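Participant: Converting from the sequence shown to my numbering requires adding 495 to each position, the first position being numbered 1.
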Amino acid sequence: MAQKPSKIREFQKRFPDEDSCLTHLMRTRFGERFTCFKCLKESTYYRVRGRRSFECEHCGYQVYPTAGTPFEKTRTSLRDWFYVMFLFCTTRNGVAAKEVERQLGVTYKTAWRMCRLIRLYMGYVDGDFPLGGPGKTVEADETFIGGRDLNGVPDDKAVVLGIIERGGDVVTRHVPSRRKAHVIPHVVNFVKPGSRVHTDEAKAYNLLTETYGFDHEAVDHSAKEYVRGDVHTNSIESFWSQVKRGINGTYVWVSKKHLQLYLREFEYRHNLRKQPALMFELLLQAFPKVRVE
Ligand SMILES: [Zn+2]
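1. In or out: T530 buried (at least 16 other Cβ within 10 Å) or exposed?
2. Three-state secondary structure (DSSP) at E596?
3. Determine the DSSP secondary structure at D636, reduced to helix, strand or coil.
4. What are the boundary residues of the beta strand (DSSP E) that D710 is part of?
5. Three or more C-beta pairs closer than 8 Å, one from the stretch 768-782 and one from the stretch 668-675: is that the case here?
6. Does ligand 1 have a heavy atom nearer than 7 Å to the CB of Y578?
7. Under the three-state reduction of DSSP, which class applies to V787: helix, strand or coil?
8. What residue range is occupied by the uninterrupted beta strand (DSSP E) comprising I742?
9. If you measure between the beta carbons of L582 and L520, is that distance less than 8 Å?
10. Which complete alpha helix (DSSP H) runs does the stretch 643-687 hold, if anything under 4 residues is left out?
11. Give the single residue among E637, I731, C554, G689 whose Cα lies nearest to the Cα of V678.
12. Do you know offhand how far T728's Cα is from A635's?
13. Would the stretch 735-753 count as touching the stretch 542-554 if we require 3 or more Cβ pairs under 8 Å?
14. C578: buried (16+ other C-beta within 10 angstroms of its C-beta) or exposed?
15. Taking DSSP as the reference, what is the three-state secondary structure of V543?
16. Whole-angstrom Cβ separation of V595 and M580, contact assumed at under 8 Å?
17. To the nearest angstrom, how far is the alpha carbon of L656 from that of R546?
18. If you draw a straight line from the alpha carbon of E732 to that of R542, how long is it in whole angstroms?
19. In or out: T539 buried (at least 16 other Cβ within 10 Å) or exposed?
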């Protein structure tokens, strides 16, 4: 998890202290001037000393810019939150709670909770939208993740379904099994009608043409056929490699219970891979109007 020193300096310059983070949050969510929620006059809100709030210049009504964001009700400083989000956006392989514990000097429990909440928030910001469409190709594939727990005891592997638009976004789902009842509904849900769908030879996918009318083609991995013309599942395979490098290298082991959250983190970075500068920016701007839970 090596961040470029120049990137870190950029971060430190932009957010040198708690105040700069709080002001950023206030301006991003509410703007420079806005209609006061209480007196309804056009107002500039000024920082209240000693609190995480700003007050109306006319009536003194206070607004807490962290309200409704993932940072509400935490004792962790906003700057620490921003910094950990920055770490998540400037790595390819993920951020270990142990590393956050070390860098921020917080307890492991706090570090772990921060990472969890940031993954949740990344999932919220990324969203899941249907992929493909007429003339576009979508690949669907499952992979197995895990296998041993922290003590080296064999564990059931988790099955993860991935759906990716070639050259575009990815959506993942941790599913109970590879059976068609667990796989096909997601494919139908996340692939737009008229898409070409490429998969391996798993029988479940035959339904895509027979029942759902997709233009479906498969390569037969069991017969060592990986590419036939432009039919292949290379995009999703390469996403799986990235996920596995992160999970095996950084996280070592991820319980099934939390797997989907980790996947959202990898989805987020994948879906913004062509605009790396936006990765952190979006997290700084997409604060929900309702609380994320
Ligand atoms: Zn007011």
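All C-beta atoms in this analysis are idealised placements derived from N, C-alpha and C, irrespective of residue type, glycine included.
What you are looking at is a predicted structure, and each value in this text was computed from that prediction instead of being measured.
Facilitator: Reading off the structure:
1. Sequence index remark: in the sequence shown, residue 530 carries index 35 (1-based). By the neighbour-count rule (16 or more Cβ atoms within 10 Å), T530 is not buried but exposed.
2. Counted from its first residue, the sequence shown places residue 596 at position 101. The DSSP-derived three-state label of E596 is helix.
3. Taking the first residue of the sequence shown as 1, we reach residue 636 at position 141. In this structure, DSSP gives D636 an extended state, which the three-state scheme calls strand.
4. Start at 1 with the first residue of the sequence shown, and residue 710 comes out as number 215. Counted as a single uninterrupted DSSP element, the beta strand (DSSP E) harbouring D710 occupies residues 710-713.
5. Counting Cβ pairs under 8 Å, fewer than three are found: no touch.
6. Numbered from its first residue, the sequence shown carries residue 578 at position 83. For ligand 1, not one heavy atom lies less than 7 Å from the Cβ of Y578.
7. The residue given as residue 787 occupies position 292 in the sequence shown. Note on V787: pLDDT 41, under 50, position unreliable in the model; the coordinate value appears next. Coil at V787, not helix or strand.
8. Here residue 742 refers to the residue found at position 247 when the sequence shown is read from its first residue. Membership of I742 in any beta strand (DSSP E) is not indicated, and neither H nor E is assigned to it by DSSP.
9. Counted from its first residue, the sequence shown places residue 582 at position 87. Counted from its first residue, the sequence shown places residue 520 at position 25. L520 sits away from L582, with the two beta carbons spaced by 8 Å or more.
10. Segments of the alpha helix (DSSP H) lying fully in the stretch 643-687: 675-685.
11. Here the question's residue 678 lines up with position 183 in the sequence shown. Taking only the C-alpha atoms, the option nearest V678 is E637.
12. One-based indexing of the sequence shown puts residue 728 at position 233. One-based indexing of the sequence shown puts residue 635 at position 140. Rounded to the nearest angstrom, the two C-alpha atoms are 7 Å apart.
13. As far as the Cβ criterion goes, the stretch 735-753 does not touch the stretch 542-554, which means the pair count is below three.
14. For the purposes of this step, residue 578 is identified with residue 83 of the sequence shown, where counting begins at 1. First, the residue type needs correcting, since residue 578 is Tyr and not Cys in the sequence shown. Y578 is buried by the Cβ-count criterion.
15. In the sequence shown, the residue the question calls residue 543 occupies position 48. Note: V543 maps to coil in three-state DSSP.
16. For the purposes of this step, residue 595 is identified with residue 100 of the sequence shown, where counting begins at 1. For the purposes of this step, residue 580 is identified with residue 85 of the sequence shown, where counting begins at 1. That pair is no contact at about 11 Å.
17. As a working note, residue 656 is residue 161 in the sequence shown. As a working note, residue 546 is residue 51 in the sequence shown. Going from the Cα of L656 to the Cα of R546 covers about 46 Å.
18. Sequence index remark: in the sequence shown, residue 732 carries index 237 (1-based). Sequence index remark: in the sequence shown, residue 542 carries index 47 (1-based). Spanning the two alpha carbons is a distance of roughly 50 Å.
19. Within the sequence shown, the letter at position 44 stands for residue 539. With a 10 Å radius around the Cβ and a threshold of 16 neighbouring Cβ atoms, T539 comes out exposed.
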